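Trainee: Each residue of the sequence shown is one higher than the one before, counting from 1 in the numbering used here. Cβ coordinates follow ideal geometry from the N, Cα and C atoms, glycine included. In this text the structure is predicted, and so the values were computed from the model without any measurement.
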Amino acid sequence: MSEQGRHEALTRTVTEKLRNDRTVTIRPMDSGDLELEREFITNLSAESRHFRFLGGVGKPSQQMLEALTDIDHEQREAFIAIAEDDSKEKEVGVSRYALDPDGQSAECAVVVADDWQKAGLGTLLLNRLVESARARGIPLLYSIDSAENHKLQEVARNMGWQCKVDPDDHTQVIYTMRL
1 MSEQGRHEAL TRTVTEKLRN DRTVTIRPMD SGDLELEREF ITNLSAESRH
51 FRFLGGVGKP SQQMLEALTD IDHEQREAFI AIAEDDSKEK EVGVSRYALD
101 PDGQSAECAV VVADDWQKAG LGTLLLNRLV ESARARGIPL LYSIDSAENH
151 KLQEVARNMG WQCKVDPDDH TQVIYTMRL
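1) Answer yes or no: do Gly93 and Leu125 have a C-beta to C-beta separation smaller than 8 Å?
2) Quick check: what's the CA-CA separation for Lys59 versus Ile41?
3) Which whole-angstrom value is the C-beta distance of Ser31 and Asp70, which I expect to be below 8 Å?
4) Is it the case that the segment 19-34 contacts the segment 137-153, given that we only count it when at least three CB pairs across the two stretches are under 8 Å?
5) What did DSSP end up calling Ile41 once you bin it into helix, strand or coil?
6) Can you tell me whether Gly32 is helix, strand or coil according to DSSP?
7) Determine the DSSP secondary structure at Gln104, reduced to helix, strand or coil.
8) Would you grab the beta carbon distance between Cys163 and Val173 for me? Rounded to a whole angstrom, and I think it's under 8 Å.
9) Roughly how many angstroms separate the alpha carbons of Asn158 and Arg52, rounded to a whole number?
10) In the DSSP output, what is Phe53 paired with across the bridge?
11) Indicate the three-state DSSP secondary structure (helix, strand or coil) for Glu154 in the structure shown.
12) With a cut-off of 8 Å, do at least 3 Cβ pairs link the segment 94-103 to the segment 73-82?
13) Can you tell which of Lys118, Asp169 and Ala135 has its C-alpha closest to the C-alpha of Asn20?
14) Judging by CA-CA distance, which residue of Gln153, Thr171, Leu121 and Glu131 is the nearest neighbour of Thr23?
15) Just grab the DSSP bridge partners of Ala83 for me.
16) Indicate whether Ala109 and Ile26 have their beta-carbon atoms separated by less than 8 Å.
This is the structure we're talking about:
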C-alpha cells in the first residue's frame, strides 16, 4: 500500500448508509469525543455493557473515559460512528484496538448502541479496524468475548474470524483474524 493510501486508510472520515436506511459518519476517535463516549456507554443496556466490558460497568468513571478517548493512533486506534439526533451529534458505535507489547497482535472490541444493532454497523466498524491494522502491518487481531454474545458470534463467523473457547475461562471465547 502506498504511503498516501496507508494514511487515508487510517485517517479518513466516511459516511455510510446502513441496511435500515439510517446514515452514520465513521471517523477516527479523539480526546474531544469524551462526552460523546460518556453518554454512549451510559445509555447502553446492561447486557451490551456486560458484553463490551465483560463485567459490571455502570456509569463510566472520568479516568475510564479519558483512557478510552486518549488515542495515539499508533499503539491504540479507535473509530467512532456518529449520527445526527435532533441536529446534535450522537455516538452510536465504536471500534478499537490496542497493540500488544510484541507488536504482532492487537486486542480489539466493537460495541453498537442497542437501537442501532442488526443494521450492519458492527460489520462496518470491524472492517475499518481490519483496514487500519493491515495498513499498519499488524498481523493478527483478536477479541475476548462472552460466549453468550450470539450477535457477535454471527458477525464474526460471517467475516471469517476463527473462534475457540478461552482455555482460562469457559464462559468466554477468543476470536482471531490473521491479516
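Mentor: Checking against the coordinates, here is how it stands:
1) yes
2) 7 Å
3) 6 Å
4) no
5) helix
6) helix
7) coil
8) 5 Å
9) 20 Å
10) DSSP lists no partner for Phe53.
11) helix
12) yes
13) Lys118
14) Leu121
15) Lys90
16) no
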